[in-house]
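Worksheet for the structure shown next.
There are 2 protein chains.
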Amino acid sequence: MKQVVELLRTHAIQPSAQRVAVANYVLVTKEHPTAEQVFHAVTATFPTLSRATVYNTLHLFVKKGLLKQFALTEGVSVFDPHVEPHHHFVDDETGAIVDIPWDRIRVEGADDLPGIDVRDFQVVIRGKRHRRRTTNKAT
Amino acid sequence: MKQVVELLRTHAIQPSAQRVAVANYVLVTKEHPTAEQVFHAVTATFPTLSRATVYNTLHLFVKKGLLKQFALTEGVSVFDPHVEPHHHFVDDETGAIVDIPWDRIRVEGADDLPGIDVRDFQVVIRGKRHRRRTTNKAT
DNA sequence: AGCGACATTTGGAATAAGTCCAAAGTTGGA
DNA sequence: TCCAACTTTGGACTTATTCCAAATGTCGCT
Ligand SMILES: [Mn+2]
Ligand SMILES: [Mn+2]
Ligand SMILES: [Zn+2]
Ligand SMILES: [Zn+2]
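Chains as they are written, first to last, in the numbering used here: chain A, 17 to 155; chain B, 17 to 155.
Right, here's the structure in full:
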């Protein structure tokens, strides 16, 4: 897609073929992929891509503000193209990470702690999804 | 300390010398040590302790409810003897993790999300500490 | 077009955190 | 005392990530 090239340019990122390929997956996904998941997804269409480039690119995107990186599960980082404030639900059973809109949860007092310069906060919720609803269309 | 032996017994944990040594550090600390930090702290007084035993013991304590384990920083898990609900502040500059009492922050709506069985949640705050306030001493 | 400076990519080696394993040591109760 | 179960251990292994130095690509300039 052409928009991605523009997006990279406006963020002062040279749109190499590799970066565009990574961007077209990781800046669009609704999931919260690990570096390895990005690697697998993108090598499907760009088989020569190397793991080192995936890491380079993800870190560059984080530095340029196109992605957030965080650790919710032990052992791996995940990347999130949804960079505006929001909360997260982590499914204990599957490990899936789901966005919770910012204004669905009211938080008071988190940015007014003595001795602390708060840069950012979020609620992290753990649990499991309810039993899947019987065959009917969602939303 | 003798209390630790009792505590382990009441949690159905055989109080071996190694487990007692680990417990006397990790169940008492106000910090949020990594397994490696536990290993270093405890080998100071119990030099023959092995890394494998540290991991075994930490995981056992987690399973028995004496510790919580979580990932706030990429790359490592930390262990927390403060098992009641509370929030965490992570200092961006030092990586230090600080407890925030549960009732210092009001959170509404986190346990009432459609399709989700919430087991547990917490607010994770990131930022930096204010410049050190040296109340009396000049530096 | 050709050239050089610089940026980018690459495969593989190196690290770091954690897990696995099979042998050795320890223990509590018959 | 003896033994079966439990516990510990060093080291090999795995996994996620970083590092590295060589190869490749890009861009402006002539
Ligand atoms: Mn308890
Ligand atoms: Mn790791
Ligand atoms: Zn998200
Ligand atoms: Zn804590």
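Ideal Cβ placement from N, Cα and C applies to all residues, glycine included.
- Between the stretch 55-63 of chain A and the stretch 76-83 of chain A, the count of Cβ pairs shorter than 8 Å is below three; the stretches do not touch.
- Under the DSSP assignment, V20 (chain A) falls outside any beta strand (DSSP E), being part of the alpha helix (DSSP H) whose first and last residues are 18-26.
- For V36 (chain B), no Cβ of chain A is located within less than 7 Å of the residue's own Cβ.
- The DSSP-derived three-state label of F62 (chain B) is coil.
- Within the same chain, and ignoring the five residues on either side of R67 (chain A) in sequence, the residues whose Cβ sits closer than 6 Å to its Cβ are F55.
- Assigned with DSSP and collapsed to three states, V78 (chain A) falls in helix.
- Three or more pairs of CB atoms, one per stretch, sit closer than 8 Å, so the stretch 129-143 of chain A contacts the stretch 131-139 of chain B.
- Within the stretch 83-128 of chain B, the runs of beta strand (DSSP E) at least 3 residues long that lie entirely inside it are, in chain order, 84-89, 92-96, 103-107, 113-116, 122-124.
- Comparing alpha carbon positions, the residue from B:D128, B:D119, B:A37, B:L43 closest to A126 (chain A) is B:D119.
- Those residues that bring their Cβ nearer than 5 Å to a heavy atom of ligand 4 are B:D96, B:H98, B:D115.
- Measuring C-alpha to C-alpha distances from A87 (chain B) to each of B:Q34, B:N72, B:A51, B:V70 identifies B:A51 as the nearest.
- Assignment of V134 (chain A) by DSSP, reduced to helix, strand and coil, places it in the strand class.
- Within chain B, the C-beta atoms nearer than 7 Å to that of A126 (chain A) come from I121, V139, I141, in chain order.
- Per DSSP, reduced to three states, the secondary structure at V44 (chain B) is coil, with no helix or strand assignment.
- Short of 7 Å from the beta carbon of T45 (chain A), and not among the five residues preceding or following it, lie these beta carbons of its own chain, in chain order: P97.
- At least one CB atom of chain B sits nearer than 7 Å to the CB of E90 (chain A).
- Cβ neighbours of V134 (chain A) within its own chain (closer than 6 Å, five residues either side excluded): D127.
- Counting only residues of its own chain and dropping the five nearest sequence neighbours on each side, S93 (chain A) has a CB closer than 6 Å to the CB of Q85, A87.
- Put simply, the backbone Cα of H146 (chain A) is about 42 Å away from that of A57 (chain B).
- Taken through DSSP and simplified to helix, strand or coil, R145 (chain B) comes out as strand.
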